[in-house]
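Worksheet: one structure, shown below.
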Amino acid sequence: MEKSDKTGGDIISRISDRYPKMSKSHKAIAAYITGSYEQAVFMTAAKLGETVGVSESTVVRFASGIGYDGYPEFQAALEEWVKDKLNSVQKIGVKYGRRTQSEVLTSVLQSDIEKIQDTIDHLDGTSFEMAVDIILEAETVYVVGIRSCEPLAGFLQFYLNMIRGNVILLRTTSVSEIFEQMIRINERDAMVGISFPRYSMRTLKAMEFANDRNAKVIAITDSVHSPMNLYSSCNLLARSDMVSIVDSLVAPLSLINALMVALCLKRPAQVKQNLEELEKVWNNYQVYLNDEINFIDEEPMLDYPLMKGTDALRQEDGASGL
1 MEKSDKTGGD IISRISDRYP KMSKSHKAIA AYITGSYEQA VFMTAAKLGE
51 TVGVSESTVV RFASGIGYDG YPEFQAALEE WVKDKLNSVQ KIGVKYGRRT
101 QSEVLTSVLQ SDIEKIQDTI DHLDGTSFEM AVDIILEAET VYVVGIRSCE
151 PLAGFLQFYL NMIRGNVILL RTTSVSEIFE QMIRINERDA MVGISFPRYS
201 MRTLKAMEFA NDRNAKVIAI TDSVHSPMNL YSSCNLLARS DMVSIVDSLV
251 APLSLINALM VALCLKRPAQ VKQNLEELEK VWNNYQVYLN DEINFIDEEP
301 MLDYPLMKGT DALRQEDGAS GL
């Protein structure tokens, strides 16, 4: 059994709590377990060590370091944690299995409404205001979100880039590539790290690196127990639960929307100037000419390619004397 009276929390929580003080080799083990627990749960200490590139004894010491009597107890705790994760799919079947499609729709949407309300009830207004100031005052803002959080990171970067310049979205499949893209981060910069269960170790390492460089770090995550809070200057918490095999990211997206509105209200003149400059560029270079339909205009852009083609055909006919 786990020694919950001595250490508390499940195995992943224990790893997250102790991660900042771990040695380099123990951090490597932690990263592999949290990122690939489906494989790690079946590995012996020797196999896990071989996969990570450390000795078997290092793996055993890692298990002891997070509060277990030995590797067998550690492996049993990991197995129990994985079972709980897998059982969530079965719970979904019990919850939704006998409902009609319309009832499923209503239930899921209602669940999302509850998550937004819970986010409203528990969001720290002071942290929210601090995040707005950090983003506006930073020289460069780095945004990172991995796996299911990547769309949130892309959404945030897209609108931040309209509000202010020097916004970098970290796109990567490895930790080393993250460091390469943020090698120049310093105390004048800021980072926004977005991660929800399953937490991303790559995002955590990026936030750790930013913190080591004295950059201001903002975490957008789900709870005070999230490992993303370890290196952040302020924490923006949004409820995110699994309603199926898909994570619900409605509340986090609403939080990011609120952040964008607050940023615009804080610097309205600057935002107006930026948008006017963008509008000039779009008009001068006809950026949206063949990409969007604007039904407010007298002649929808949808007609443009056809009209252009007809005019060209007429010119060709005139030149040929037909």
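Residue 1 is where the sequence shown starts when you use the working numbering, and the numbers rise one by one after that.
Glycine residues also receive a C-beta, built at the ideal position from the N, C-alpha and C atoms.
Please report the distance separating the alpha-carbon of I113 from that of I256. Locating residue 113 in the sequence shown gives position 113, where the first residue counts as 1. Locating residue 256 in the sequence shown gives position 256, where the first residue counts as 1. Rounded to whole angstroms, I113 to I256 spans 16 angstroms at the Cα level.
For N52, which of R18, Y32, V41, Q110 has the nearest alpha-carbon? By one-based count along the sequence shown, residue 52 stands at place 52. Residue 52 is actually Val in this sequence, not Asn. Residue Y32 is the option with its Cα nearest to V52.
Check this for me: beta carbons of I220 and P252, under 8 angstroms apart or not? Along the sequence shown, read from residue 1 onward, the residue named residue 220 stands at position 220. Along the sequence shown, read from residue 1 onward, the residue named residue 252 stands at position 252. Yes; because the gap between Cβ atoms is below 8 angstroms, this pair is in contact.
Using 7 angstroms as the cut-off, classify the Cβ of V261 as near or not near the heavy atoms of the ligand MN, replying yes or no. For the structure depicted, the ligand MN is absent and the ligand set is empty, with no information on it obtainable.
Would you mind listing the alpha helix (DSSP H) stretches within the segment 128 to 169 that are 4+ residues and don't spill past its ends, in chain order? 150 to 163
Candidates H26, I163, A262: closest to K272 by CA position: In the sequence shown, residue 272 corresponds to position 272, counting from 1. Checking every option, the nearest Cα to that of K272 belongs to I163.
Cβ neighbour criterion (16 or more within 10 Å) applied to S23: Stepping through the sequence shown from its first residue, residue 23 is reached at position 23. By the 10 Å Cβ count, S23 comes out exposed.
Between the Cα of T44 and those of S36, E56, G35, T34, spot the shortest distance and give me the residue it belongs to. Residue numbering aside, residue 44 sits at position 44 when the sequence shown is read from its first letter. Cα-wise, what sits closest to T44 is E56.
Are the Cβ atoms of G70 and A76 separated by less than 8 angstroms? Within the sequence shown, the letter at position 70 stands for residue 70. Within the sequence shown, the letter at position 76 stands for residue 76. Taking 8 angstroms as the Cβ cut-off, G70 and A76 do not qualify as a contacting pair.
Taking all protein chains shown into account, decide if R202 is buried (16 or more other Cβ within 10 angstroms of its Cβ) or exposed. For the purposes of this step, residue 202 is taken as residue 202 along the sequence shown, with counting starting at 1. Per the 10 Å Cβ criterion, buried.
For I12, which three-state DSSP category applies? Here residue 12 refers to the residue found at position 12 when the sequence shown is read from its first residue. I12: helix per DSSP, three-state reduction.
On a Cα-Cα basis, can you pick out the residue from I29, Y37, G67, V41 that is closest to V54? Taking the sequence shown and counting its residues from 1, one reaches residue 54 at position 54. Among I29, Y37, G67, V41, the Cα nearest to that of V54 is on I29.
Using a Cβ-Cβ cut-off of 7 angstroms (strictly less than) and excluding sequence neighbours within five positions of N274, which residues of its own chain qualify? On the sequence shown, residue 274 is found 274 positions in, with the first residue counted as 1. Correct list, in chain order: M162, I163.
Do M207 and G193 have their C-beta atoms within less than 8 angstroms of each other? If you number the sequence shown from 1, residue 207 lands on position 207. If you number the sequence shown from 1, residue 193 lands on position 193. The answer is yes: Cβ separation under 8 angstroms.
Quick check on the DSSP output: the alpha helix (DSSP H) that includes G35 runs from which residue to which? Working through the sequence shown from its first residue, we reach residue 35 at position 35. Start and end: 24 to 35.
Suppose the cutoff is 6 angstroms on Cβ atoms and the five residues either side in sequence are ignored; what does the same chain contact list for K216 look like? By 1-based counting over the sequence shown, the position of residue 216 is 216. Around K216: I134, A190, S233.
Considering only the alpha carbon of each residue, which of V132, G125, F128, V167 lies closest to V144? For the purposes of this step, residue 144 is identified with residue 144 of the sequence shown, where counting begins at 1. Comparing Cα positions, the closest option is V167.
Distance between beta carbons of D212 and A238, contact taken as under 8 angstroms: As a first step, residue 238 must be located in the sequence shown, where it is residue number 238. As a first step, residue 212 must be located in the sequence shown, where it is residue number 212. Going by Cβ atoms, the distance from A238 to D212 rounds to 26 angstroms, so no, they are not a contact pair.
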